[in-house]
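In our numbering, the protein residues as written are 4 to 193.
Virtual Cβ for every residue (Gly too), placed ideally from N, Cα, C.
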Amino acid sequence: MSEPLEQFRQWYEGAVAAGVVEPEAMALATADAGGMPSVRFVLLKGIDARGVEFFTNYESRKGRELIANPRAALAVLWKPLHRQVRLEGAVEVLSPEESDAYFVTRSRGSQLGAWASAQSEVIPDREWLEARLAEVDAQYPDSVPRPPHWGGFRLLPAVIEFWEGRANRLHDREAFRRVEGEWVASRLSP
């Protein structure tokens, strides 16, 4: 396929259809200003011709790293299907309108949690977090607005690699690299 983001979308939809547990789970690797890497899982929330979307607290470690060093790598593994996809590239902050549009689709509990959690910060104990959630719940008895410190990012891939497990460890690997706006495909040895 000449359009790797479309192939990624098809593989993702195939994982959903196959009943893979949490097919949207992606490992996100970022690096701080000194180059120290960190990785954690985030949830895939959109795939289109521009890239791959996910959402978080901008003040979290990953949010701060992405704003200071707007490059990242993502990896998705659908183990039951023997498939993996890796993406690398620049990252952009989604517009407030795009973040608002997604925020209203979240459950009320997730919306409140975006306000209550000082993500990645040290807190005194679990009770502090529960009390903070109760405060926010009382503050917003009806609709919950999107916090200004919470929203989305889009990874704009420059590299996408598809991996499929095969017999004798002769796995199938196809890589795509964006060169002057066009995708160039190559086959990699396993």
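Extent of the continuous beta strand (DSSP E) run through residue i
| i | result |
| --- | --- |
| Pro40 | 40-46 |
| Asp175 | 175-182 |
| Gly154 | 153-167 |
| Val139 | No beta strand (DSSP E) holds Val139; the alpha helix (DSSP H) holding it covers 129-142. |
| Arg190 | 185-191 |
Through-space distance from residue j to residue i, alpha-carbon basis
| i | j | result |
| --- | --- | --- |
| Glu164 | Val182 | 15 Å |
| Trp153 | Val96 | 11 Å |
| Arg180 | Gln13 | 19 Å |
| Pro162 | Val23 | The residue asked about is misnamed: residue 162 is Val in this sequence, not Pro. Cα-Cα distance, rounded: 25 Å. |
| Ile126 | Arg109 | 25 Å |
| Met29 | Ala78 | 6 Å |
| Leu46 | Leu31 | 9 Å |
Spatially closest choice to residue i from the options, by CA coordinates
| i | options | result |
| --- | --- | --- |
| Glu6 | Pro193, Ile50, Pro148 | Ile50 |
| Glu167 | Leu84, Ala75, Leu47, Val55 | Leu84 |
| Glu9 | Ala36, Glu27, Gly54 | Gly54 |
| Ala52 | Leu173, Arg176, Leu159, Asp175 | Leu159 |
| Phe156 | Pro26, Ala75, Ala20 | Ala75 |
| Ala104 | Ala121, Asn72, Asn171, Pro148 | Pro148 |
| Asp175 | Leu191, Ala32, Met29 | Leu191 |
Limits of the alpha helix (DSSP H) - the one that residue i falls within
| i | result |
| --- | --- |
| Ile70 | 64-71 |
| Gly116 | 111-119 |
| Leu8 | 7-20 |
| Tyr105 | 99-106 |
Residue(s) in a DSSP beta bridge with residue i
| i | result |
| --- | --- |
| Gly92 | Ala75, Pro160 |
| Gly49 | Glu56 |
| Leu196 | What the structure shows of the chain is the stretch from 4 to 193, and residue 196 is not part of that stretch, so it cannot be assessed. |
| Arg86 | Trp81, Glu167 |
Own chain residues within Cβ distance below 8 Å of residue i, not counting five before or after
| i | result |
| --- | --- |
| Leu136 | Leu115, Gly116, Ala119 |
Sequence-distant residues of the same chain with beta carbon closer than 6 Å to residue i, five excluded per side
| i | result |
| --- | --- |
| Arg64 | Ser123 |
Minimum Cβ-Cβ distance from residue i to chain C less than 8 Å
| i | result |
| --- | --- |
| Glu177 | As a matter of chain content, chain C is missing from the structure shown, which is built from one protein chain. |
Beta-carbon contacts of residue i that lie in its chain and below 7 Å, excluding the five residues immediately before and after
| i | result |
| --- | --- |
| Tyr61 | Ile70, His152, Trp153, Gly154 |
| Glu101 | Gly155 |
| Arg172 | Pro193 |
| Glu91 | Ala76, Pro160, Ala161, Val162 |
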